[in-house]
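Notes to accompany the following structure.
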Amino acid sequence: MLNLYTRGAFRFVVMTDSETETVEDLPPSAKLVFKVLEYNGSLTQKQIVNESMLSARTVRYALERLENIDIVDEDIYFADARQNLYTLDSEAVVADGGPDEVCCAE
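Just so we're aligned: 63 in full-length UniProt numbering is position 63 of the sequence shown, and the numbers increase by one with no gaps anywhere.
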């Protein structure tokens with residue numbers, strides 16, 4: 001099953017084996033975290049908490065939901081190895097009107 005979500009200048013296609021979930025299906029907190037990452041680029045969880053004014057627990061849950069649909073990548077934050085750096089997956093975000101539709105699942 002294939003689902004297409006278009007918002008503004010971006011198109012998201014999410015496909016899983018059993019159930020399809022899109023950014024549109026996520027809770028408001030996950031959508032806010034997505035937008036914070038979209039506007040600010042790569043951030044740590046603490047930076048997302050500060051920017052979004054959500055609780056740390058809510059941000060963790062939102063990041064988990066975004067990671068489950070392969071929209072967010074988690075990398076090592078070299079300035080402080082105890083933290084992770086979260087970035088929107090460039091393959092999951094495709095400019096609207098582009099020739100390719102990107103699938104975000106295995």
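Glycine included, C-beta positions come from ideal geometry on N, C-alpha and C.
Inter-residue spacing [alpha-carbon to alpha-carbon] between residue i and residue j
{"i": "Gln45", "j": "Thr58", "result": "11 Å"}
{"i": "Gln47", "j": "Glu91", "result": "23 Å"}
{"i": "Phe78", "j": "Asp25", "result": "33 Å"}
{"i": "Asp75", "j": "Arg82", "result": "11 Å"}
{"i": "Ser52", "j": "Val33", "result": "7 Å"}
{"i": "Asp73", "j": "Leu66", "result": "9 Å"}
{"i": "Gly41", "j": "Pro28", "result": "19 Å"}
{"i": "Tyr86", "j": "Glu64", "result": "11 Å"}
{"i": "Leu54", "j": "Val23", "result": "18 Å"}
Simplified DSSP state of residue i, which is helix, strand or coil
{"i": "Asp80", "result": "coil"}
{"i": "Thr87", "result": "strand"}
Spatially closest choice to residue i from the options, by CA coordinates
{"i": "Asp89", "options": "Glu24, Glu38 and Ser29", "result": "Glu38"}
{"i": "Asn84", "options": "Leu43, Ser52 and Phe34", "result": "Leu43"}
{"i": "Val36", "options": "Glu24, Pro27 and Val49", "result": "Val49"}
Within 8 Å, strictly: CB atoms of residue i and residue j
{"i": "Ile71", "j": "Glu21", "result": "no"}
{"i": "residue 180", "j": "Ala56", "result": "Since the first and last residues shown for the chain are 1 and 106, residue 180 lies out of range."}
| task | Give, in chain order, every unbroken run of the alpha helix (DSSP H) that is at least 4 residues long and sits entirely within the stretch 21–81. | result | 28–40, 45–52 and 56–68
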